[in-house]
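What follows is a short report on a single structure.
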Amino acid sequence: VERFPGITLLRCKLETGRTHQIRVHMQHIGHPLVGDTVYNASRRTHLKIPFPRQALHAEKLGLIHPVTQEFMQWECPLPPDFASLLKALRDNTDWIK
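Residue numbers (our numbering): 457 to 553.
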């Protein structure tokens, strides 16, 4: 979706509901998540911009209701801390320590 030096903003679609699916896969292909202290322990990105959690956000969630069989979907905007991180990355190219 968007590239920065050393970091890329991605949109991922889950095929299964497996725990840590995105985190494990991204680490396996050499692109761990910013702020992931479990799957990114050896290659932690050192940002000048404080971001004390995983840079992971569920923008859209959907499911088939178990009783009505109706497809239900919810959308959620970026949390303020994630939006601030993206703004800082866009405004400044000198963000890695």
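Cβ coordinates follow ideal geometry from the N, Cα and C atoms, glycine included.
- Contact holds between the stretch 488 to 497 and the stretch 507 to 514, because three or more Cβ pairs, one in each stretch, are under 8 Å apart.
- Annotation for residue 478: the continuous alpha helix (DSSP H) segment containing it runs 477 to 484.
- Residue nearest to residue 531 within the set 545, 524, 542, 515 is 515 (criterion: CA-CA distance).
- In this chain, residue 516 is not harboured by any alpha helix (DSSP H); it is covered by the beta strand (DSSP E) spanning 516 to 520.
- In terms of Cβ geometry, residue 544 and residue 505 form a close pair [threshold 8 Å].
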